[in-house]
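Heads up: the sequence shown begins at 71 in the numbering used here, then just goes up one per residue.
All residues carry an ideal CB built from backbone N, CA and C; glycine is no exception.
Just below is one structure, and these are the notes that go with it.
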Amino acid sequence: MNQKLNVAKQTYYFEKEHNDCLSCGNDITHPLCPNCISKAFMQWLEKFPEESKEIKLKLNIFLRHHNSVNGKSKSCVVCGKNKTHICPYCFTEHLYNLVKEAGLGCRAMTEFLFMFNFDFEHKGYSKELEVLGSY
Ligand SMILES: [Zn+2]
Ligand SMILES: [Zn+2]
71 MNQKLNVAKQ
81 TYYFEKEHND
91 CLSCGNDITH
101 PLCPNCISKA
111 FMQWLEKFPE
121 ESKEIKLKLN
131 IFLRHHNSVN
141 GKSKSCVVCG
151 KNKTHICPYC
161 FTEHLYNLVK
171 EAGLGCRAMT
181 EFLFMFNFDF
191 EHKGYSKELE
201 VLGSY
């Protein structure tokens, strides 16, 4: 194993600071790590003991992947220790899709959007809230 080469490679990787979301490429203006958002999300999921099993499974795969990213990026403003490689919007959009896939129903989705709405510019999933709002 070429130790020297590995160190050089690692240094390069760590020095490469990124402030953009690995998913959408926009600047992360609200660094809030997926782990912190997940905590609140998991609490909310307690209401759906049946459906939550599958959601939690898929969520854990996502979190493992996110936390294995080695690049340098902003630290989360809540926990201060986790790096944030994906913006809250992209992450909650992912959560939203999980909720949708699990078929929790319109009421649950509306509730989710009220609680975890990071779509500040209303370009994405919050548009669906207008449709769901009539329920
Ligand atoms: Zn993003
Ligand atoms: Zn955090």
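Taking 8 Å as the CB-CB cut-off, is residue 178 touching chain B?
Within the model displayed, chain B is absent; a lone protein chain is all it includes.
What does DSSP give as the partner residue(s) for residue 142 in the beta ladder?
Beta-bridge annotation (DSSP): residue 142 is paired with 87.
Short check: CB of residue 101 to CB of residue 156, under 8 Å?
In this structure, the beta-carbon distance from residue 101 to residue 156 does not fall below 8 Å.
Whole-angstrom distance between residue 158 and residue 127, CA atom to CA atom:
Going from the Cα of residue 127 to the Cα of residue 158 covers about 20 Å.
To the nearest angstrom, report how far apart residue 111 and residue 122 are at their CA atoms.
Distance from the CA of residue 111 to the CA of residue 122, rounded to the nearest whole angstrom, comes to 10 Å.
In its own chain, which residues sit with a C-beta less than 7 Å from the C-beta of residue 174, not counting the 5 before and 5 after it?
For residue 174, the CB contacts under 7 Å within the same chain, skipping 5 residues up- and downstream, are 118 and 121 in chain order.
CB-CB under 7 Å to residue 77, same chain, minus the five flanking residues each way: which ones, in chain order?
In this predicted model, residue 77 has a pLDDT of only 49, less than 50, meaning its place in the structure is not dependable; the value taken from the coordinates is given anyway. Excluding residues up to 5 positions away in sequence, nothing lies with its Cβ nearer than 7 Å to the Cβ of residue 77 in the same chain.
Sequence-distant residues of its chain with Cβ nearer than 8 Å to residue 202 (five each side left out)
Residues 176, 179, 180 and 183 of the same chain have their beta carbon placed closer than 8 Å to that of residue 202, with the five preceding and five following residues left out of the count.
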